[in-house]
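Asker: To convert, count from 1 in the sequence shown and add 34; that's our numbering. Ideal Cβ positions, reconstructed from N, Cα and C, are used throughout, including at glycine. For clarity, every value in this text was computed on a predicted model and none was experimentally measured.
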Amino acid sequence: MKKIAKDIFKKHQAQTFPFPSCLEVESAKGSYITDVNDKDYLDFVAGASSCTLGHSNPIIINAVKQQLDKYTHVMVYGEYVQSPQYKLAQLLAKNLPENLSTTYFTNSGAEAIEGAMKLAKRATGRSEVISCKDSYHGSTQGALSIMGNEEHKAKYRPLLPNCNQIIYNDDSSLKNITKQTAAAVIEPIQGATGFITPTNNFLQKVREKCIATGTLLIFDEIQTCYGRLGTLFGFQTYNVIPDILCIAKGMGGSMPIGAFISSWKMMNLLTFEPKLGHITTFGGHPINCAASLATLEHLLTSTIMSEIDKKEQLFRIHLQHSKIKEIRGKGLMLAIEFSSEELAKKVVEQSLENRLILFYFLFTKTAIRITPPLTISEDEIIKGCNIIKGILEQ
Ligand SMILES: Cc1ncc(COP(=O)(O)O)c(C=O)c1O
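1) Counting only runs of 4+ residues fully inside the region 129 to 207, write out the alpha helix (DSSP H) ranges in chain order.
2) I'd like to confirm something about GLY318: is its beta-carbon nearer than 7 Å to some heavy atom of ligand 1, or not?
3) Could you give the distance in angstroms between the alpha-carbon of GLN49 and the alpha-carbon of ALA80?
4) If we ignore side chains and look at the alpha-carbon of each, how far apart do THR400 and TYR202 end up?
5) Would you mind stating whether MET313 and VAL110 have Cβ atoms separated by less than 8 Å?
6) Can you give me the C-alpha to C-alpha distance between LEU250 and ALA218, rounded to a whole angstrom?
7) At the level of alpha carbons, what is the spacing between ARG160 and ILE321?
8) Taking the alpha carbon of GLN270 as the reference point, which residue from LYS364, LEU377, SER142 and GLU375 has its own alpha carbon closest?
9) Using a Cβ-Cβ cut-off of 6 Å (strictly less than) and excluding sequence neighbours within five positions of GLY286, which residues of its own chain qualify?
10) Does the distance from the CB of LEU279 to the CB of GLU242 come in under 8 Å?
11) Output the distance between the C-alpha atoms of THR305 and GLU113, rounded to the nearest integer angstrom.
12) Quick test of your reading: GLU371 and GLY228, contact by CB under 8 Å. State the CB separation rounded to the nearest angstrom.
13) Determine the DSSP secondary structure at GLU242, reduced to helix, strand or coil.
14) Where in the region 74 to 103 do unbroken runs of the alpha helix (DSSP H), each at least 4 residues long, occur, reported from the N-terminal end onward?
15) Within 10 angstroms of its Cβ, does SER288 collect 16 or more other Cβ (buried), or is it exposed?
16) I need the straight-line Cα distance from GLN477 to TYR170, nearest angstrom please.
17) Looking at ALA293 and PHE139, is the spacing between their C-beta atoms short of 8 Å?
18) Determine the extent of the beta strand (DSSP E) in which ARG403 is found, giving its start and end residues.
19) Nearest to LEU390 by CA position, among LYS73, ILE42, GLY268 and PHE51, is which residue?
20) Helix, strand or coil for MET35, going by three-state DSSP, please let me know.
21) Closer than 7 Å to a non-hydrogen atom of ligand 1 - does that hold for the CB of GLU221?
22) Going by DSSP, what residue range makes up the beta strand (DSSP E) through SER340?
23) Using a 10 Å radius around the Cβ and a threshold of 16 neighbouring Cβ atoms, would you call MET35 buried or exposed?
24) Indicate, with yes or no, if ligand 1 has a heavy atom lying under 7 Å from the CB of ILE147.
25) Let me check understanding here. Comparing Cα to Cα, which of ILE164, LEU178, ALA226 and GLY182 lies closest to ILE211?
26) From this set, THR158, LYS380, MET339 and LEU178, which residue's C-alpha is nearest ILE422's C-alpha?
27) Determine the direct distance from the alpha carbon of MET301 to that of TYR105, and round the result to whole angstroms.
28) Using 8 Å as the cut-off, can you tell me whether the region 349 to 368 makes contact with the region 393 to 409, which would need three or more C-beta pairs spanning the two stretches below that distance?
29) Checking the sheet assignment: what are the DSSP bridge partners for CYS280?
30) For GLU184 and SER173, I'd like the C-alpha separation in whole angstroms.
31) Let me check understanding here. Comparing Cα to Cα, which of GLN384, THR265 and ARG350 lies closest to ILE416?
32) Give the C-beta separation of GLU162 and ALA246 to the nearest angstrom, bearing in mind that I take them to be a contact with Cβ-Cβ under 8 Å.
33) Counting C-beta neighbours from all protein chains within 10 Å, is the total for GLU60 16 or more, i.e. buried, or is it exposed?
34) Between GLN175, GLN199 and VAL274, which lies nearest to PRO222 when the distance is taken from Cα to Cα?
35) Could you check if ALA293 belongs to the surroundings of ligand 1, using beta carbon to heavy atom distance under 7 Å?
36) Between which residues of its own chain and THR231 is the CB-CB distance below 6 Å, once the five residues before and five after are set aside?
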């Protein structure tokens with residue numbers, strides 16, 4: 035019976051990875067996913083940084099159910115006044131600097147990047163977009179055009195023209211941002227290459243170069259938003275304010291939603307000449323906005339964000355091992371760097387056998403990701419770290 039489900043999955047669902055783990059999910063609660071054989075797995079990945087408040091959090095379930103009972107979809111985004119949308123936009127604005135007052139809701143992170151790129155072109159009248167080597171901003175063609183990895187792009191060319199690169203943490207490459215550049219799209223922590231954090235005030239220097247050249251600074255906070263670093267947004271950890279902010283993933287508290295956020299004046303450019311400058315049918319779906327609003331309200335009123343630093347330290351303390359080269363990242367966005375690809379692969383595979391979920395990165399093969407729900411307990415952190423160390427001891 036179980037094998038049949040796996041076969042159907044492999045045959046009728048598009049496959050993006052040649053060796054999926056095929057964990058057959060029955061339910062999920064808190065920091066655990068339960069399979070169809072009633073086995074519980076401790077989740078150190080959280081749907082790739084998405085299940086901010088853990089699985090099946092009653093706060094999210096109630097928000098979704100309440101909205102479900104009122105209405106689901108009524109009209110394309112931005113036409114009707116819908117309370118889950120405007121309340122979320124208002125609470126975001128209340129917790130953001132003045133220049134980030136106006137939110138456009140999307141369905142995903144990639145769409146947020148697409149919208150932000152268009153907005154930057156419109157606002158500056160320029161076409162060049164700069165991103166970082168090794169960056170990941172999504173898989174749609176605009177986002178792919180600014181991806182910093184040629185292997186993943188080559189077979190999909192031609193892509194957008196005028197997409198050029200700088201090197202993350204390399205000041206000398208900032209010369210590539212010029213008066214021709216519409217936008218620099220930067221992840222505050224570089225994700226796909228294994229959670230590389232900014233050094234030597236790199237983000238401040240990008241900010242300064244953007245100001246000097248009239249370039250808009252877009253932060254891709256699709257993975258760093260909603261408390262993952264211990265601040266609501268990553269830019270608050272690094273004290274650099276972007277002109278456009280892109281968020282998604284954890285923003286939905288496990289429901290699909292994204293957004294790009296700018297000043298009202300800039301966003302208003304999408305309203306005229308031509309009108310309907312950027313449209314989406316389901317962007318800002320009321321149910322997803324309700325989940326996102328509930329997540330945001332809880333983050334703002336609970337102690338979750340203030341505990342992230344301590345949880346990071348706990349990971350760092352309990353992952354001390356001679357076979358671990360480095361723990362990178364910040365908050366609950368951590369990467370374990372191993373000396374070889376084989377060891378990283380072995381740890382991910384054997385962790386699953388030991389009922390701990392870990393996952394890979396897109397561009398580096400020697401590191402594995404740890405992005406648990408922000409609600410993970412100290413005991414669960416220690417338990418998972420001991421499983422990893424146990425595997426390394428073998
Ligand atoms: C930094 C970053 N930007 C953009 C995206 C794309 O988001 P989505 O998968 O929701 O389209 C991701 C997803 O992994 C991401 O990590």
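Answerer: According to the structure data:
1) Here the runs fully enclosed are 143 to 158, 175 to 179 and 184 to 187.
2) Checking the Cβ of GLY318 against ligand 1 gives no.
3) Roughly 20 Å separates the two Cα atoms.
4) Rounded to the nearest whole angstrom, the CA to CA distance from THR400 to TYR202 is 19 Å.
5) Residue identity differs from the one stated: residue 313 is Ile in this sequence, not Met. Cβ distance < 8 Å, so ILE313 and VAL110 count as in contact.
6) Their Cα atoms are separated by approximately 6 Å.
7) The straight-line gap separating the alpha-carbon atoms of ARG160 and ILE321 is approximately 36 Å.
8) It is LYS364.
9) Sequence-distant partners of GLY286 (beyond 5 residues in either direction) whose C-beta falls short of 6 Å from its own C-beta, in its chain, are ASN322, ALA325 and SER326.
10) In this structure, GLU242 does not lie closer than 8 Å to LEU279 by Cβ.
11) The alpha-carbon atoms of THR305 and GLU113 are separated by roughly 12 Å.
12) That belief holds up - the Cβ atoms of GLU371 and GLY228 are roughly 7 Å apart, short of 8 Å.
13) DSSP places GLU242 in helix when its eight states are reduced to three.
14) Positions of the alpha helix (DSSP H) runs, each at least 4 residues long and wholly inside the region 74 to 103, are given as 80 to 83 in order along the chain.
15) By the C-beta density criterion, SER288 is buried, having at least 16 other C-beta atoms within 10 angstroms.
16) The chain is shown from 35 up to 428; residue 477 falls before or after that span and cannot be answered.
17) Their beta carbons are under 8 Å apart, which means PHE139 touches ALA293 by this criterion.
18) It spans 401 to 404 - the beta strand (DSSP E) in which ARG403 sits, taken as one unbroken run.
19) Closest in alpha carbon position to LEU390, among LYS73, ILE42, GLY268 and PHE51, is LYS73.
20) Residue confidence for MET35 is low, a pLDDT of 47 falling below 50, so the modelled location carries little weight; the figure read from the coordinates is stated next. Reduced to three states, the DSSP call for MET35 is coil.
21) True, at least one ligand heavy atom lies under 7 Å from that Cβ.
22) For SER340, there is no enclosing beta strand (DSSP E), as DSSP marks it with neither H nor E.
23) Bear in mind that a pLDDT of 47 at MET35, under 50, signals an unreliable position, so the model cannot answer this.
24) Result yes, Cβ under 7 Å from ligand 1.
25) ILE211 has its Cα closest to that of ILE164, out of ILE164, LEU178, ALA226 and GLY182.
26) The shortest Cα separation from ILE422 among THR158, LYS380, MET339 and LEU178 belongs to LYS380.
27) Across the structure, TYR105 and MET301 are spaced so that their CA atoms are roughly 27 Å apart.
28) The region 349 to 368 vs the region 393 to 409: in contact.
29) Residue pairing by DSSP places CYS280 opposite ASP254 and PHE294 in a beta bridge.
30) The alpha-carbon atoms of GLU184 and SER173 are separated by roughly 13 Å.
31) Put simply, of GLN384, THR265 and ARG350 the residue whose alpha carbon is nearest the alpha carbon of ILE416 is ARG350.
32) The pair is not a contact, with the Cβ atoms about 15 Å apart (cut-off 8 Å).
33) By the 10 Å Cβ count, GLU60 comes out exposed.
34) Minimum Cα distance to PRO222 is reached at VAL274.
35) Not so, every heavy atom of ligand 1 lies at least 7 Å from the Cβ.
36) Excluding residues within five positions, the ones whose Cβ falls inside 6 Å are ILE223 and LYS364.
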